[in-house]
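In what follows, a structure is listed as structure tokens, so that the remarks can point back to it.
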Amino acid sequence: MAKISRRSLLGMVSTGFVAFLFAPTSVDALREPVVRVGGSCRKVGRRKTSGGKTFECVKTPNGNKWRRAKTTPPPQPTTSDVKVFASSELAAGASKIAVVTSGGRNYAVVVTRTSNGVVGFSRSCTHAGALVSPGPSGRLTCLAHGSVFNAATGAVIEGPAEIALTSYKVSERDGAIYLKI
Ligand code: FES
Numbered sequence: 543m544a545k546i547s548r549r550s551l552l553g554m555v556s557t558g559f560v561a562f563l564f565a566p567t568s569v570d571a572l573r574e575p576v577v578r579v580g581g582s583c584r585k586v587g588r589r590k591t592s593g594g595k596t597f598e599c600v601k602t603p604n605g606n607k608w609r610r611a612k613t614t615p616p617p618q619p620t621t622s623d624v625k626v627f628a629s630s631e632l633a634a635g636a637s638k639i640a641v642v643t644s645g646g647r648n649y650a651v652v653v654t655r656t657s658n659g660v661v662g663f664s665r666s667c668t669h670a671g672a673l674v675s676p677g678p679s680g681r682l683t684c685l686a687h688g689s690v691f692n693a694a695t696g697a698v699i700e701g702p703a704e705i706a707l708t709s710y711k712v713s714e715r716d717g718a719i720y721l722k723i
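Here the sequence shown stands for residues 543 to 723, numbered as in the numbering used here.
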């Protein structure tokens, strides 16, 4: 039998060890769990992307199931100033909702009078597009899946939404509040 030197034996062992470390994992381990419409899911409101499509976990009479997520295109801003309320209609710290029409489209908005002036946001929840409404303590809430936003900044306070509400430029002049939409 051919003799193997200690050096070549060490070389073979270390090469094998390195090959083991960098060997690709099995295909099954790399594969993402498949999400399909009607498949079971755990947490209502959870969104997942699979095969380039976005799915959302919803409650159904047969348990929580995946369905294709609705995507709501964000309102397209134009450059018109649209009157929303008379200044006297919005008390300090209050939030009010309105539907304004601009460029032939209707926009659901919410306007808040803060200590720094009036701010305005789209009511379209950034999670899945349901409408947010003024809630207690300077918050805007979405009842669809429980997201909560700051009424003065539009920032997310509680998910599942992760993105702040779309804000509009607001101006107040001659006793009226205008949004740039
Ligand atoms: S649409 Fe899901 S939390 Fe608003």
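We treat Cβ as the ideally placed atom computed from N, Cα and C, and that holds for glycine. Computed from a predicted model, the values in this text were never measured in an experiment.
If you draw a straight line from the alpha carbon of residue i to that of residue j, how long is it in whole angstroms?
i, j, result
"R588", "F597", "8 Å"
"R665", "S679", "17 Å"
"C583", "G593", "17 Å"
"V579", "G688", "23 Å"
"I723", "G677", "24 Å"
"F691", "R647", "25 Å"
"V576", "T591", "10 Å"
"V624", "G662", "12 Å"
"C684", "G581", "26 Å"
"A634", "V626", "16 Å"
"E704", "L673", "15 Å"
Who are the Cβ neighbours of residue i in its own chain at under 8 Å, not counting the five residues just before and after it?
i, result
"S630", "G717"
"S622", "S644, G645, K722, I723"
"E714", "S629, G659, V660, Y720"
"T695", "V661, A706"
"P702", "G587, R588, R589, H669, H687, G688, S689"
For residue i, which residues of its own chain have a beta-carbon under 6 Å away from its beta-carbon, when the five flanking residues on both sides are left out?
i, result
"P603", "none"
"V641", "N648, A650"
"K711", "K722"
"S709", "F663, G696"
"I639", "V652"
When the cut-off is 9 Å and only beta carbons count, does residue i lie next to chain D?
i, result
"V576", "Among the protein chains of the structure shown there is no chain D, as only one such chain exists."
Just to check my reading of the structure: residue i and residue j have Cβ atoms closer than 8 Å, yes? What is that Cβ distance to the nearest angstrom?
i, j, result
"S637", "V653", "7 Å"
"R655", "L632", "5 Å"
For residue i, collect the residues of the same chain with a Cβ closer than 7 Å to its Cβ; drop the 5 residues on either side in sequence, then sort them by chain order.
i, result
"V586", "C599, V600, K601, N606, H687"
"S693", "Sequence check: residue 693 is Ala here, not Ser. The answer, listed in chain order, is S637, T654, P676, G680, R681, L682."
"I699", "R681, V690, F691, N692"
"K595", "R610"
"A697", "F691, A706"
Item to check | Contained alpha helix (DSSP H) runs [length at least 4] in the segment 644-715, N- to C-terminal order | outcome: Listed in chain order, nothing qualifies, since the segment 644-715 has no complete alpha helix (DSSP H) run of 4 or more residues.
Item to check | Closer than 5 Å: residues whose CB approaches a heavy atom of the ligand FES | outcome: For the ligand FES, the selected residues are C667, H669, A670, A672, C684, A686, H687, S689.
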